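Asker:
2 protein chains.
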Amino acid sequence: MANTKHATIYDVAEKAGVSIPTVSRVLNNRPDVSVETRQHIQDIIDQMGYQPFSNARGLASKRTYTLGLVAADFSDFWFSQVITGAEKEAHEHGYYFMLGSSSCNPEDEPKFLRLLTERHVDGVLFIRASCADESGHLTRLKESGIPVVTTGNYLPESGLAMVDVDNIGGGRKATEYLLGLGHTRIAMLSGPPDWRSACDRTEGYLQALRTTGMPANPDLIIEGTWLHKSGYLGMKRLLENKTPFTAVFAQNDRIARGAISALHEAGRRVPEDVSIIGYDDIPEAEFSDPPLTTIRQPMEEIGRAATRLLVQIIEDGEATPNQILFDTELIVRSSCSRFAQ
Amino acid sequence: MANTKHATIYDVAEKAGVSIPTVSRVLNNRPDVSVETRQHIQDIIDQMGYQPFSNARGLASKRTYTLGLVAADFSDFWFSQVITGAEKEAHEHGYYFMLGSSSCNPEDEPKFLRLLTERHVDGVLFIRASCADESGHLTRLKESGIPVVTTGNYLPESGLAMVDVDNIGGGRKATEYLLGLGHTRIAMLSGPPDWRSACDRTEGYLQALRTTGMPANPDLIIEGTWLHKSGYLGMKRLLENKTPFTAVFAQNDRIARGAISALHEAGRRVPEDVSIIGYDDIPEAEFSDPPLTTIRQPMEEIGRAATRLLVQIIEDGEATPNQILFDTELIVRSSCSRFAQ
DNA sequence: GTGAAAGCGCTAACAT
DNA sequence: ATGTTAGCGCTTTCAC
């Protein structure tokens with residue numbers, strides 16, 4: 604396979620008995636080629652296994668068919684799922700992703716700027732690079748004319764292109780489920796308050812509580828990070844507080860599992876003594892002890908939708924709508940039970 | 604920032620009062636430029652913030668300064684850590700990574716082949732794409748002249764460039780630790796037997812056992828996958844088998860945690876009733892219940908080393924040694940205790 | 001040590 | 001509907 608000498612558009616043109624631009628036209632799916640010529644050229648291309656050389660295309664057309672990828676954390680489950688979908692979608696449109704490091708670190712900004720100035724990516728996808736100051740980057744990029752789509756950081760007022768999941772609805776759904784089970788003292792272990800997704804889940808929780816007419820008890824709300832450790836520590840604090848609760852909404856599954864560890868250490872059973880609902884439906888959720896009831900987000904589909912949006916903006920200049928919100932799904936397992944007075 | 608018009612080498616040459624090739628020479632660190640000229644040009648470059656346009660370089664030089672990345676599974680902890688290190692190292696050498704999908708799926712082969720024929724990556728890094736038939740891909744790629752480095756799939760006899768961790772040593776270290784604690788009936792929950800890393804950990808386990816003079820009991824060895832679920836199911840089988848054991852070596856932390864869940868369900872305490880040691884030291888290990896004793900692998904460093912090797916092969920044609928093996932580290936926490944008859 | 005000339009493989013006007 | 005002519009921004013001979 605792949606001998607060092609690569610067929611060029613010239614070889615195809617010669618073999619097909621046409622000029623180079625004509626081949627170029629079929630390569631780019633231009634309408635102005637006769638059906639027979641197009642078919643004939645396509646046959647030759649297939650037969651030779653010809654692949655256009657992307658650097659040459661990029662140099663001539665100012666397009667690279669590569670997309671920049673900026674993520675806050677590669678080890679995040681959200682990242683791995685979203686990128687899986689994004690990659691598939693990108694390939695289907697003839698694009699590739701180029702890794703552009705993380706965005707949270709302000710000193711990394713020059714690095715991913717080089718993606719634009721040096722590698723000339725056609726657009727960039729932010730995968731939950733949603734730190735406090737992220738929208739600054741995004742807006743600046745967008746204003747400099749480069750297409751940008753973000754996921755996991757829903758900021759509708761910004762007008763930026765983004766696809767996310769309905770976190771308010773998800774938080775509400777989780778809380779309503781607990782409420783429906785008869786629980787009234789529902790604690791919450793939240794993610795970092797400077798993340799929009801965490802805020803929104805909190806908002807959903809508050810909305811659900813408000814519906815019942817009883818106010819949320821601030822002592823039952825603990826802010827933390829997205830990590831297992833945070834759930835563990837958060838639950839310890841909750842337990843020390845002595846404010847009674849019979850259920851908890853953990854803003855992700857890792858937090859939930861950390862909380863369960865702390866609960867077990869304290870001799871409390873789940874769900875007999877306290878019910879707990881997570882968020883994300885990570886692979887471990889199904890096999891944790893007990894199997895975790897949780898809120899599932901269609902992450903892979905989000906990656907696909909975000910990439911589709913990005914490609915659309917690149918190729919058509921704009922996309923409407925440019926903000927897409929997916930729904931969550933409640934996955935009932937056995938970490939929650941009816942409140943039995 | 605970034606106005607649409609990008610400075611070119613021509614602009615630099617003009618401003619510096621030299622010819623274009625001279626600027627090109629300093630860009631590529633060629634020796635044949637006088638010190639003053641070089642400094643002068645470099646100043647202009649810095650001052651203008653000039654960035655060479657990689658497509659043009661690639662077209663002219665047949666080099667792209669991009670590396671292909673092929674991974675079996677983006678959600679794997681190994682992937683996220685190795686890629687983090689790899690990315691940093693790549694940037695330091697002026698390279699970027701392009702995502703090239705997963706390799707296990709045979710039908711994906713054409714896709715990452717396009718990375719080579721169309722995008723002309725300078726080399727490709729395989730991140731534990733270590734399915735049974737992987738070395739076929741690798742060898743074919745290497746033979747077609749493209750530099751390849753792999754991680755997480757140690758096959759020294761292949762002669763391929765690779766960096767990995769000493770899995771035999773790691774398996775031995777884990778087992779010896781348990782042995783040193785006085786355990787003699789040590790079960791093992793292994794990864795997939797078609798993965799070299801799993802085989803090697805098993806080999807280390809067997810070696811350690813052999814040293815003590817007592818043979819391994821096949822009933823105490825359960826093969827599975829790398830998933831949490833597999834540890835859970837594996838432990839259930841172990842428990843049903845009725846062959847007594849007081850300790851278990853789980854070939855990764857997720858397996859270990861799954862096993863602990865099953866143990867808890869069965870009313871057995873860790874480490875009082877059974878000691879368990881994991882492998883990897885994932886972030887959750889420290890906060891699981893109980894905190895997991897495990898074998899740590901320097902994954903980020905492996906990513907850096909692999910990339911360094913790849914760049915070396917690309918730039919110098921070869922690298923010696925082209926196989927690097929890192930040591931593991933025993934992390935003692937509290938999931939193992941002395942066997943108290 | 002430095003410059004002039006040519007060309008990498010393709011697309012983009014412009015013709016026809 | 002197709003061909004002609006110019007480049008895109010850089011590296012590379014090969015002169016001087």
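First to last, the sequence lines map onto chains A and R. According to our numbering, the first sequence is numbered sequentially starting from 604. According to our numbering, the second sequence is numbered sequentially starting from 604. The C-beta atom is built at its ideal place from N, Cα and C for all residues, glycine as well. As the structure is a computational prediction, the values presented were derived from the model and not from experiment.
Taking C-beta pairs closer than 8 Å, name the residues in chain A that Glu721 (chain R) reaches, listed in chain order.
Answerer: Near Glu721 (chain R) (Cβ distances below 8 Å), the residues of chain A are Gln654, Pro655, Phe656 and Ser657.
Asker: Does Gly688 (chain R) come out as helix, strand or coil in the three-state DSSP assignment?
Answerer: Gly688 (chain R): helix per DSSP, three-state reduction.
Asker: Could you tell me whether any Cβ in chain R is nearer than 8 Å to the Cβ of Lys618 (chain A)?
Answerer: Chain R, which has no Cβ nearer than 8 Å to the Cβ of Lys618 (chain A), makes this no.
Asker: Between Gly861 (chain R) and chain A, is there a C-beta pair that is closer than 8 Å?
Answerer: By this cut-off, Gly861 (chain R) is an interface position.
Asker: Could you name the residues of chain A that His867 (chain R) contacts, counting a contact when the two beta carbons are closer than 9 Å?
Answerer: What His867 (chain R) touches in chain A: His867 and Asp892.
Asker: Between the segment 619-631 of chain R and the segment 681-694 of chain R, do three or more beta carbon pairs fall short of 8 Å?
Answerer: Touching, no.
Asker: Is it right to say Thr787 (chain R) is buried, meaning 16 or more other beta carbons lie within 10 angstroms of its own, or is it exposed?
Answerer: The residue is exposed, with fewer than 16 neighbouring Cβ atoms inside 10 Å.
Asker: What do you reckon, are the CB atoms on Val851 (chain A) and Ala764 (chain A) nearer than 8 Å?
Answerer: Going by C-beta atoms, Val851 (chain A) is not nearer than 8 Å to Ala764 (chain A).
Asker: Is it right to say Gln642 (chain R) is buried, meaning 16 or more other beta carbons lie within 10 angstroms of its own, or is it exposed?
Answerer: Result: exposed.
Asker: Please list, in chain order, all residues of the same chain as Phe599 (chain R) whose beta carbon is under 6 Å from its beta carbon, the five residues on each side excluded.
Answerer: Examination of residue 599 (chain R) is not possible in this model, given that chain R is present from 604 through 944 alone.
Asker: Listed from N- to C-terminal order along the chain, which residues in the segment 870-898 of chain R have their beta-carbon within a distance smaller than 8 Å of any beta-carbon of chain A?
Answerer: Those residues of the segment 870-898 of chain R that come within reach of chain A (Cβ to Cβ, closer than 8 Å) are Pro886, Glu887, Glu889, Phe890, Ser891 and Asp892.
Asker: Just list the residues that DSSP pairs Leu928 (chain R) with in beta bridges.
Answerer: The partner list for Leu928 (chain R) (beta bridge, DSSP) reads R:Asp767.
Asker: Starting from the C-beta of Val626 (chain R), find all residues in its chain whose C-beta is less than 6 Å away, skip the five residues before and the five after it, and write them out in chain order.
Answerer: Here the set comprises Ile612, Val615, Ala616 and Ile644.
Asker: Give, in chain order, every residue of the segment 920-932 of chain R whose Cβ lies closer than 7 Å to some Cβ of chain A.
Answerer: Those residues of the segment 920-932 of chain R that come within reach of chain A (Cβ to Cβ, closer than 7 Å) do not exist; the list is empty.
Asker: How is the alpha helix (DSSP H) around Leu630 (chain A) delimited, first residue to last?
Answerer: Segment Ile623 to Leu630, the alpha helix (DSSP H) holding Leu630 (chain A).
Asker: Who are Ile934 (chain R)'s beta bridge partners in DSSP?
Answerer: The partner list for Ile934 (chain R) (beta bridge, DSSP) reads R:Thr897.
Asker: At which residue ranges does the segment 633-690 of chain R contain complete alpha helix (DSSP H) runs of 4 or more residues, listed in the order of the chain?
Answerer: Listed in chain order, they are 638-651 and 657-664.
Asker: Compare the Cα-Cα distances from Asn820 (chain A) to each of A:Leu836, A:Lys845 and A:Ser940 and report the closest residue.
Answerer: Selected option, being the one with the closest Cα: A:Lys845.
Asker: Going by CA-CA distance only, name the one from R:Ala853, R:Gly920, R:Asp930 and R:Pro901 that's closest to Cys939 (chain R).
Answerer: Out of R:Ala853, R:Gly920, R:Asp930 and R:Pro901, R:Ala853 has the C-alpha closest to the C-alpha of Cys939 (chain R).
Asker: Take the Cβ of Gln915 (chain R) as the centre, count every other Cβ of all protein chains shown within 10 Å, and call the residue buried at 16 or more, exposed below.
Answerer: Per the 10 Å Cβ criterion, buried.
Asker: I'd like to check one pair, Arg731 (chain A) with Met701 (chain A): are the Cβ atoms closer than 8 Å?
Answerer: No, the pair does not count as a contact, with Cβ atoms beyond the cut-off.
Asker: Which of the three DSSP states, helix, strand or coil, is assigned to Val873 (chain R)?
Answerer: Here Val873 (chain R) sits in coil by DSSP.
Asker: For a cutoff of 8 Å on Cβ pairs, would you count Gly906 (chain R) as touching chain A?
Answerer: Output row for Gly906 (chain R): interface = no.
Asker: Measure the Cβ-Cβ separation of Phe890 (chain A) and His831 (chain R) and say whether it is below 8 Å.
Answerer: Closer than 8 Å, so yes.
Asker: Cβ atoms of Gly773 (chain R) and Ile898 (chain R): under 8 Å apart, would you say?
Answerer: Cβ atoms of Ile898 (chain R) and Gly773 (chain R): closer than 8 Å.
Asker: Contact defined as beta carbons within less than 8 Å: I believe Thr910 (chain A) pairs with Ala693 (chain A). What is the distance between those atoms, to the nearest angstrom?
Answerer: Indeed they touch by this definition, with Cβ atoms about 5 Å apart.
Asker: If you compare alpha carbons, which of R:Ala865, R:Ala859 and R:Trp829 is closest to Glu843 (chain R)?
Answerer: Ranking R:Ala865, R:Ala859 and R:Trp829 by Cα distance to Glu843 (chain R) puts R:Ala865 first.
Asker: Which of the residues in the segment 838-862 of chain A, read from start to end, lie with their CB under 9 Å from any CB of chain R?
Answerer: Cβ contacts with chain R: Arg857, Arg860 and Gly861.
Asker: Kindly indicate if chain A contains any beta-carbon less than 8 Å away from that of Ile612 (chain R).
Answerer: Not an interface residue.
Asker: Starting from the beta carbon of Leu662 (chain A), find every residue of chain R whose beta carbon is closer than 7 Å, and list them in chain order.
Answerer: Correct list: Asn658, Ala659 and Leu662.
Asker: Please report the Cβ distance between Thr778 (chain R) and Tyr808 (chain R), rounded to the nearest whole angstrom; I am assuming they are in contact, meaning their Cβ atoms lie under 8 Å.
Answerer: 5 Å between Cβ atoms; contact.
Asker: Quick one: which chain R residues come within Cβ less than 7 Å of Ile644 (chain A)?
Answerer: Result: empty, since nearest Cβ-Cβ is about 18 Å, beyond 7 Å.
Asker: With 8 Å as the threshold, decide whether the Cβ of Leu763 (chain A) is near any Cβ in chain R.
Answerer: Leu763 (chain A) does not count as touching chain R.
Asker: Using the beta-carbon of each residue, which ones in chain A are nearer than 8 Å to Met701 (chain R)?
Answerer: The contacting residues are Thr669, Tyr699, Phe700, Met701 and Leu702.
Asker: So, are the CB atoms of Gln900 (chain A) and Val766 (chain A) less than 8 Å apart?
Answerer: Not in contact: Gln900 (chain A) and Val766 (chain A) (Cβ atoms no closer than 8 Å).
Asker: Could you name the residues that DSSP lists as bridge partners for Val914 (chain R)?
Answerer: In the DSSP output, where bridge partners are listed per residue, Val914 (chain R) has none listed.
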